[in-house]
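Quick mapping for you: the protein sequence lines, in order, are chains S and W. Everything in the first sequence is counted per the numbering used here, starting at 1 for the first residue and increasing by one. Everything in the second sequence is counted per the numbering used here, starting at 155 for the first residue and increasing by one.
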Amino acid sequence: MSLASQARPDLVFPDLPGPDRQAILRAISERFAAAGVVDPADLLYRKLLEREELGSTCVLPGVAIPHCKFDGIDEVVVSVGICPEGAEFGAEEGEPVKLFFTVISPANEPAAHLQSLALISRWIKNNNHVDKLLELTTGEEILAFLKESEDERE
Amino acid sequence: MKTNQEILILGLGGVGRYLAMQLAETGRAITVIESNPDAIRRAEGELDARLIQGDAMNNSCWLEARARGKDYLIAVSDDDAVNILAALLADRFGIKRKIARVRSRGLWTDGAVITPEDLKIDLVIQPEELVAQEVARLLKMHWSNSVIELAGGAMQVVGTRIGEASALLDLEVKEIAGTLEEFDFRIVAIARDTNTLLPGGDDVVRLNDYLYCLVRAEDVPSLMLVLGSGAKRRRRVMVIGGGHVGSRIAELLQDTFQLKLLELDGSRAEQLGQELENVEILHGDGSDPDTLLTAGLLSMDTVITATGDNEANILTSALAKQMIRNQPGDRHGSEAKTIALVKREQYLTLAAAMGADIVLNRKVLAGDRILAYILGERMLSAARLYGVDAEVVELVAAPRSPITRSSLATVPGSRELRGKMIIGGVFHDGQWRAAVGETRVEAGDRVIAVCRPECLPDLERLVLR
Numbered sequence: 001m002s003l004a005s006q007a008r009p010d011l012v013f014p015d016l017p018g019p020d021r022q023a024i025l026r027a028i029s030e031r032f033a034a035a036g037v038v039d040p041a042d043l044l045y046r047k048l049l050e051r052e053e054l055g056s057t058c059v060l061p062g063v064a065i066p067h068c069k070f071d072g073i074d075e076v077v078v079s080v081g082i083c084p085e086g087a088e089f090g091a092e093e094g095e096p097v098k099l100f101f102t103v104i105s106p107a108n109e110p111a112a113h114l115q116s117l118a119l120i121s122r123w124i125k126n127n128n129h130v131d132k133l134l135e136l137t138t139g140e141e142i143l144a145f146l147k148e149s150e151d152e153r154e
Numbered sequence: 155m156k157t158n159q160e161i162l163i164l165g166l167g168g169v170g171r172y173l174a175m176q177l178a179e180t181g182r183a184i185t186v187i188e189s190n191p192d193a194i195r196r197a198e199g200e201l202d203a204r205l206i207q208g209d210a211m212n213n214s215c216w217l218e219a220r221a222r223g224k225d226y227l228i229a230v231s232d233d234d235a236v237n238i239l240a241a242l243l244a245d246r247f248g249i250k251r252k253i254a255r256v257r258s259r260g261l262w263t264d265g266a267v268i269t270p271e272d273l274k275i276d277l278v279i280q281p282e283e284l285v286a287q288e289v290a291r292l293l294k295m296h297w298s299n300s301v302i303e304l305a306g307g308a309m310q311v312v313g314t315r316i317g318e319a320s321a322l323l324d325l326e327v328k329e330i331a332g333t334l335e336e337f338d339f340r341i342v343a344i345a346r347d348t349n350t351l352l353p354g355g356d357d358v359v360r361l362n363d364y365l366y367c368l369v370r371a372e373d374v375p376s377l378m379l380v381l382g383s384g385a386k387r388r389r390r391v392m393v394i395g396g397g398h399v400g401s402r403i404a405e406l407l408q409d410t411f412q413l414k415l416l417e418l419d420g421s422r423a424e425q426l427g428q429e430l431e432n433v434e435i436l437h438g439d440g441s442d443p444d445t446l447l448t449a450g451l452l453s454m455d456t457v458i459t460a461t462g463d464n465e466a467n468i469l470t471s472a473l474a475k476q477m478i479r480n481q482p483g484d485r486h487g488s489e490a491k492t493i494a495l496v497k498r499e500q501y502l503t504l505a506a507a508m509g510a511d512i513v514l515n516r517k518v519l520a521g522d523r524i525l526a527y528i529l530g531e532r533m534l535s536a537a538r539l540y541g542v543d544a545e546v547v548e549l550v551a552a553p554r555s556p557i558t559r560s561s562l563a564t565v566p567g568s569r570e571l572r573g574k575m576i577i578g579g580v581f582h583d584g585q586w587r588a589a590v591g592e593t594r595v596e597a598g599d600r601v602i603a604v605c606r607p608e609c610l611p612d613l614e615r616l617v618l619r
């Protein structure tokens, strides 16, 4: 299982709009709905926000992993998003968040859900990964870099 | 330190008998002095101990007990003064460590002219203080996350409640371990309803479990991500009764919770108002429904009844619970908890039957505190996990100890200890790792274990001998 194989090309967003948590999650939800992954967008928005309210998913400075389980989808879906100007995302130190990995999983596949979260936590631990990814501006570049960085590791 | 310690226990009440039993099982030699012949007769055949009937204020009794050079005195007779004097006598007899139960609080409050050290007491057991601490512990566990630092901060035990949003929900422990191999953590204890589980690979994480995870400090953010929990709203707690225990509970909780304290006596209420800065002190009768309503009872998450009156505590607790739960159109009430403090053991069952969610037995609390002190002296650190029947301890593996002889899964006796203790982490070659079945511990390695209190002797045997 790799991050690159889970990240969907039509769900790579190099241009997420700030300025805050609500704006980011709203944009992600609408784009998931537009891509036909979830319906309606508002339900996904509320689920993602609910999870953030339990505790920020911002695991490292500048990086967050919004996630939830969602009834009616068939497999784990991962999206990569960048907010170039950074968004206020409830991180403890208050540092703006620029990189967002979003994970949506079927309710009945807890192991796959956990595995995706683990894959991402592991990948972002490498500082070079995050820094390099944030320099990229198109969806193709981002996907290619994910694949390349994971191949290196093997 | 020699392992065949000798222990002198003064007093065969609830605590004395409990400790004599527990400590005899560890292979320590126990001698008991008790003045009541009936208590001695009951203990014969039940305790593996030398029993001496006599008066501890009589020198010959100490000679008969062969007190000289023993390792510990545990003075838990009914009489504070006897316990204190016994510590002084024990010191003259060369007994190394002295533990004394002192119920009265006056001796060491502000402006005290004498200290426990002056009286040669190494550990003072104050049952009321233990009760207050236990209540505080239970509430913090129930309503918030908890963190215990180990190994100088390099490792932590993080405790949190599993909600719908947790990525660990409905997974087997072994599935979790398999998925998360690279960030090192281990589930070391689960509090489920009133039970404590030291989980094996087949156990499943369920909704509302309170999970304790041993984790490297650097991996805490990743762990919190998958645990799916974080800061929660500040909970509201009401303490009814501002006596010593009630006010001490309020003091211990005031930084974590939003606290109200209801006290019947006007001048006491005024005094508490000055002492407890972060507690809202109210003056009124806690057994009166109207007073409770005015005091804001219906929005409370937990109500603790801590007056000096057992029956009043039980009844008020039942009343409060009914009022909170039966309020219309609010789901908050169904989560609310009540705690009734009762002194007499006969009331414990009654309190539970009347609907108190938590009933504490102060004799067992005192006994376990003493047990942990004696067994813990050979361990680097020991801490009780909030509200769970387990201790987390850090120790150094002794040369040729059983734990160093094979991998953890095949250490002699490991099968029998399943569910009773978990070796959670090992410090080897300058690095902490979560321990798994294949892990091998070498002499000199530091080890973090989570263990049921009654199995501390087994842990000692496994790692320190």
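Positions of the beta carbon are idealized from the N, C-alpha and C atoms, including for glycine.
Smallest Cα separation from residue i: which of the options?
i, options, result
"W:V301", "W:G313, W:L292, W:T459, W:A308", "W:G313"
"S:D74", "S:S105, S:S29, S:K125", "S:S105"
"W:D276", "W:D583, W:I184, W:V369, W:R255", "W:R255"
"W:T492", "W:Q481, W:L502, W:A474, W:P482", "W:A474"
"S:E95", "S:Y45, S:F70, S:D20, S:G72", "S:D20"
"W:M175", "W:V617, W:E608, W:L616, W:L618", "W:E608"
"S:K69", "S:V97, S:T102, S:V12", "S:T102"
"W:A460", "W:L242, W:I238, W:E282, W:D356", "W:E282"
"W:Q425", "W:S441, W:A589, W:S401", "W:S401"
"W:L618", "W:D583, W:V547, W:R587, W:G521", "W:V547"
"W:I316", "S:D131, S:A4, S:R51, S:A33", "S:R51"
"W:I194", "W:G170, W:W216, W:E318", "W:G170"
"W:V374", "S:F89, S:E148, S:D151, S:L60", "S:L60"
"W:L304", "W:M211, W:L613, W:G578, W:D511", "W:G578"
"W:R516", "W:R498, W:K274, W:L162", "W:R498"
"W:T348", "W:E271, W:A506, W:R340, W:R388", "W:A506"
"W:S632", "W:W216, W:A210, W:R246", "With chain W covering 155 to 619 only, the question about residue 632 of chain W has no answer from this structure."
Does the beta-carbon of residue i have 16 or more other beta-carbons within 10 angstroms, so that it is buried, or is it exposed?
i, result
"S:N128", "exposed"
"S:Q22", "exposed"
"S:D39", "exposed"
"W:K252", "buried"
"W:S189", "buried"
"W:V267", "exposed"
"W:R390", "buried"
"W:M155", "Confidence is the limiting factor: at W:M155 the pLDDT is only 41, short of 50, which leaves the residue's position unreliable, though a coordinate-based value still follows. By the neighbour-count rule (16 or more Cβ atoms within 10 Å), W:M155 is not buried but exposed."
"W:T503", "exposed"
"W:D522", "buried"
"S:D131", "exposed"
"S:P110", "buried"
"S:G55", "buried"
With a threshold of 6 Å on Cβ separation, who are the neighbours of residue i within its own chain once the five nearest residues in sequence on each side are excluded?
i, result
"W:R346", "D363"
"W:M392", "K414, M454, V457"
"S:T57", "A64, I65, P66"
"W:A183", "E160"
"W:P566", "P556"
"W:A423", "E417, I435, H437"
"W:E431", "none"
"W:K574", "R606, C609"
"S:L16", "I24, A27, G81, C83"
"W:R204", "T185"
Who are the Cβ neighbours of residue i in its own chain at under 8 Å, not counting the five residues just before and after it?
i, result
"W:E218", "I206, G208"
"W:V580", "W586, R587, A589, T593, V595, D599, R600, V601, I602"
"W:G462", "G395, G397"
What whole-angstrom Cβ distance do residue i and residue j have, given they're in contact under 8 Å?
i, j, result
"W:L495", "W:V285", "7 Å"
"W:L164", "W:A229", "4 Å"
"S:A118", "W:L334", "5 Å"
"S:S121", "W:L379", "6 Å"
"W:Y226", "W:I528", "6 Å"
"S:L78", "S:I142", "The residue you asked about is not Leu; residue 78 of chain S is Val in the sequence shown. Going by Cβ atoms, the distance from S:V78 to S:I142 rounds to 12 Å, so no, they are not a contact pair."
"W:L539", "W:V369", "Actually they do not touch by this definition, with Cβ atoms about 14 Å apart."
"S:L146", "S:A35", "Not a contact, Cβ separation roughly 18 Å."
I want to verify the contact list: residues of chain C whose CB lies under 8 Å from the CB of residue i, in sequence order.
i, result
"S:Q22", "The structure shown contains no chain C; its protein chains are S and W."
Suppose the cutoff is 7 Å on Cβ atoms and the five residues either side in sequence are ignored; what does the same chain contact list for residue i look like?
i, result
"W:R222", "F247, G248"
Quiz item: On the three-pair Cβ rule with 8 Å, is the region 562-571 of chain W touching the region 587-598 of chain W?
Solution: yes
Quiz item: Counting pairs of Cβ atoms below 8 Å between the region 390-407 of chain W and the region 416-423 of chain W, do you hit three or more?
Solution: yes
Exercise. Report yes or no: do three or more beta-carbon pairs, one from the region 541-556 of chain W and one from the region 597-604 of chain W, lie closer than 8 Å?
Key: Yes: at least three Cβ pairs fall under 8 Å.
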